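So the sequence shown is numbered by our numbering: it starts at 92 and just counts up by one. Where a beta carbon is used, it is the ideal one built from N, C-alpha and C, also for glycine. Since the structure is predicted, the reported quantities are computational estimates derived from the model, not experimental observations. Report on the structure given below.
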Amino acid sequence: MWNQFFLLEEYTGPDTQYVGKLHTDQDKGDGNLKYILTGDGAGSLFIIDENTGDIHAAKKLDREEKSLYVLRAKAIDRKTGRQVEPESEFIIKIHDINDNEPKFTKDMYTASIPEMAGVGIIKTALPDMSRENREQYQVVIQAKDMGGQMGGLSGTTIVNITLTDINDNPPRFPQSTYQFSSPESAPPGTPLGRIKANDPDVGENAEIEYSISNGDGSDMFDIVTDKDTQEGIITVKKHLDFENKMLYTLRVEATNTHPDPRFLQLGPFKDTALVKISVEDIDEPPVFSRPWYLIEVDEDAKEGSIIGQVVAQDPDVTKNAIKYSVDRHTDLDRIFNIYSGNGSLFISKPLDREETPWYNITVIATEINNPKQTSQIPVFIRILDINDHAPEFAKYYETFVCENAKAGQLIQTVSAVDKDDPPRGHKFFFELVPEFALHPNFSIVDNKDNTAGIMTRRNGYSRSKMSTYLLPIVIFDNDYPIQSSTGTLTIRVCACDSRGNMQSCNAEALLLPAGLSTGALVAILLCIVILLVLVVLFTALKRQRKKEPLIISKDDVRDNIVTYNDEGGGEEDTQAFDIGALRNPEAREESKMRRDVIPETIFQIRRTAPIWENIDVQDFIHRRLKENDLDPAAPPYDSLATYAYEGNDSIANSLSSLESLTTEGNQDYDYLSDWGPRFKKLADMYGGEDSDRD
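As C-alpha cells, then:
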C-alpha cells in the first residue's frame, strides 16, 4: 500500500527524474508479471518499466501549471492476462521551488490624492504639497519574496500619482485698467472686447463670474462670461451718443463661482479692474422729433393749405442743414407736397374723404452737405368728414298699394344712406315735398330710427283711374350744414287677394274683357291700323293747304307766335318774343285783369308756393291748367299759356347756340365724346382741333 510520491519541479538533471517503484508480493522475479500504469500523464509525463515497475518522469514539471497527478497501477500475469492483485491508486505531488519572482497585477498604477492631503498608505513626504507647483509624480515600488532573505526573488511596479485640485487660489486680473472704444452707432448687443482674470485652479474651481459693480456706464454696458474660455465679454446695452457722453468708466469684478469654505481665511476669492470705454463719433443721419406723425385735415381744405409740419435735425456736432421731400412712391397722385426748407406739408389737390379717408405717405429728410445721410418717417394723414353729401334712399323701392287697401295701412318702409360719416352717427328725417305735404292719397311717418313708413290716407284705389302714383320724399340729415335730397317713390296700384298679396299690377288688363277670342283681338288690331292710316292721310292733306298768317290784325293783344322751319334760330328771329321767359321761370308777366269782369268783383288772387324743383312734368302741367281754369284774371278767350318749365338743370348745361356770341374765345367740345354714340356726329363736328376752320 502506498499513497503518494514526490517530485521537484523544474528538474534540470542529465537523466530522467526517478519517481518510485511499483512491486507486488506475487512477483517471484521470473518475469511472469507485467506492470501497467494509467491515469494523469501516464505514458507521456510518467513512464514505467513493465518488468521492474520503476517509474520515471519523462519531462520537466511546473508546479504552477499542475501541482499533483493521480495515477493507477496494476500487475497482470503475462500468460493468463489476469490481475494478480486489485488495481491501486496513488498520487504524485510536485514540490515547489522558488522559480518565480513577485509580480504586480498591473504594469503601472495611477493614484490621486488631494493636494494638502494627510498621511496615507502612500503618503506625502512634504507638507502642503501644491498642485500648482507640480501636479504629476511617479513612484517605483519593489516587492521581494522569502521575506527579503537571500535567494529570494523580487518584482517592481510604477505608481503615477496626480495631485487633484482644490479651490485654494482666487482669480486675479493681470492688469488693473483696460481700455476699449465703440462707435456710437453700435447696436445693443455689440461686443466691444474681452478681459480675463487668471486663476491657477482648474475645472470648476477655476470658473469665474464677471459683473459690473459700479461706474458711470453700468446702465449703458453689460458683461457676460464665456464658459469655454472663462473670459468676460463687454457688450453694448443701450444706444450710445457721442454728443451726449464721450467716455465711460466701469469697475468690473471677477468672482469664483465655487469657493472652498476651508480656505476663506486666505481672503476674498474675487478681484476688480477698471474698464474705460471711449465713444467714437460718426456722421449720423437726420433724426425726426417723433417716431411718426398723425395729421388731421378737413376734406374741404383748399389747395395750398398747410396741414402740418415735420421736424428733423442733424444729431452730429456740425448740425448740418436739412431739406425735406415726399417719397413719391407713397404719393403717386401728388396730392401732398412739402416745403423743403421747413418741412411744412400742404395740399396740392382737392381731398375727398368718401373716396380716400386715409393717406400714408413717407417724408424724407436729407443732409444738404452729405446727401447720403437720409432718414424717413411715416406720416399718417386722416381726412376729416365734412357734411357734403345729401342722404338718399338706401335702394330702389318697388312699392305697390292694393286696390282694396284701407286708410292708415303701411305699404312701404324706406331707409336712407349717406356717404358722410358724422361722429355722432347718422340721423335722418323724412318729409313729403312741401307741395305734397297734404297728399290726398298717402302720408309719411318718420319712425325716428332713420326709417320712415308710407301710409295710405283713403280707402280703395282704382287702376283704371290712376295706375301709378309718384310720391316725392325729402330726406334731411342732422349734421352741419344740413344736406337734403328728394327721392321719388313710385307706387303702383295692384290687385290683391284678401290677405294683401299682390296678384296683378297690369293696367292694360282692365281694358280687355276676360275670355276675349282671338278673332276679336284681330279685329281690334285691324281697326287700329285703319285709324293710323287715316291719321297719316289727314296729316298729308293738311300740309298741302296754304298756311294762313297767324297775325291778322296788329291790334290783337294775344302773344305773337312765330314758327320756324329750320332747326337753329338766330338773334333776329328771337325778337318776336322774350326768350328769357323760357330760361328764367320766375320772369313771368303779372296776370292781367279780365275785360269782361267788373273790377269791384275781383277778389284777391292766392299765390301758391313755387314748385319748380323735384316735380313731375305731368303733375306740374295739371296743376297749372287747374290754376288757369280757376284764375278770374285770365282772358275770356282761348290763349296760349306759357308755363316756363324746363325741368331740373342738366349737368351738360345748354346746347343752344343762342348765346354763342356772348362767349369769349374758343369753346372746348371734347366732352361730347363721352356722351355716347347718339352724340357722335356732334363730337365729330365740334370736337376736332380744326373744326372752326372747316
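In the DSSP assignment, Tyr-777 falls outside any beta strand (DSSP E) and lies within the alpha helix (DSSP H) extending over 771-777. Secondary structure of His-186 (DSSP, three-state): strand. Ala-364 places its beta carbon 9 Å or farther from that of Phe-471.
Within the model, the alpha-carbon separation for His-114 versus Gly-120 is close to 11 Å. The alpha-carbon of Leu-136 is positioned some 14 Å away from that of Leu-99. Straight-line spacing of the CA atoms in Gly-280 and Tyr-339 works out to 17 Å. Taking the Cα of Phe-271 as reference, the smallest distance to any Cα among Ile-324, Asp-568 and Asp-479 is reached at Ile-324.
Residues Val-370 of the same chain have their beta carbon placed closer than 6 Å to that of Met-337, with the five preceding and five following residues left out of the count. For Pro-350, the closest alpha carbon among the candidates Leu-773, Pro-359, Val-343 and Leu-625 is that of Pro-359.
The criterion of a C-beta distance shorter than 9 Å is satisfied by Lys-112 and Thr-143. With a cutoff of 9 Å on beta-carbon distance, Asn-478 and Lys-518 are scored as not near each other. By the Cβ neighbour-count rule, Cys-493 is buried, with 16 or more other Cβ atoms within 10 Å of its own.
Annotated as distal: Asp-443 and Ile-468, with beta-carbon spacing of 9 Å or more. In this structure, the CA atom of Cys-585 is about 41 Å from the CA atom of Glu-446. Three or more beta-carbon pairs separated by less than 8 Å are not found between the stretch 524-536 and the stretch 481-489, which leaves the two stretches without contact. Shown here for Thr-542: same chain residues with a beta carbon closer than 6 Å to its own, the five before and five after excluded, namely Thr-504 and Ser-506 in chain order. Counting only the Cα atoms, Pro-482 lies some 59 Å from Ala-277.
Here Asn-451 carries a strand assignment [DSSP, helix/strand/coil]. Annotation: Trp-449 to Pro-531 spans about 49 Å, alpha carbon to alpha carbon. Annotation for Asn-347: the continuous beta strand (DSSP E) segment containing it runs 338-347. The Cβ-Cβ distance between Arg-548 and Phe-533 falls below 9 Å.
When secondary structure is reduced to three states using DSSP, Asn-719 falls in the helix class. Within 10 angstroms of the beta-carbon of Met-311 lie 16 or more other beta-carbons, which makes it buried. Around the CB of Arg-515, fewer than 16 other CB atoms lie within 10 Å, so the residue is classed as exposed.
When secondary structure is reduced to three states using DSSP, Thr-255 falls in the strand class. At a Cβ-Cβ threshold of 9 Å, Val-401 and Ser-431 do not count as neighbours. With contacts defined by Cβ atoms closer than 9 Å, Gln-229 and Ile-249 form a contacting pair. Taking the CA atoms as reference points, Asp-319 sits about 19 Å from Pro-261. Counting of Cβ neighbours within 10 angstroms places Tyr-109 among the exposed residues, the total staying below 16. The straight-line gap separating the alpha-carbon atoms of Ile-502 and Met-546 is approximately 6 Å.
Of the residues assessed, Lys-235 falls on the exposed side of the cut-off, its CB having fewer than 16 other CB atoms within 10 angstroms. Beta-bridge analysis with DSSP links Thr-201 to Asn-251. In the DSSP annotation of this structure, the continuous segment of the beta strand (DSSP E) that includes Met-593 starts and ends at 593-595.
Here Leu-423 carries a coil assignment [DSSP, helix/strand/coil]. With a 10 Å radius around the Cβ and a threshold of 16 neighbouring Cβ atoms, Lys-539 comes out exposed. Counting the other Cβ atoms within 10 Å of the Cβ of Thr-457 gives 16 or more, which makes it buried.
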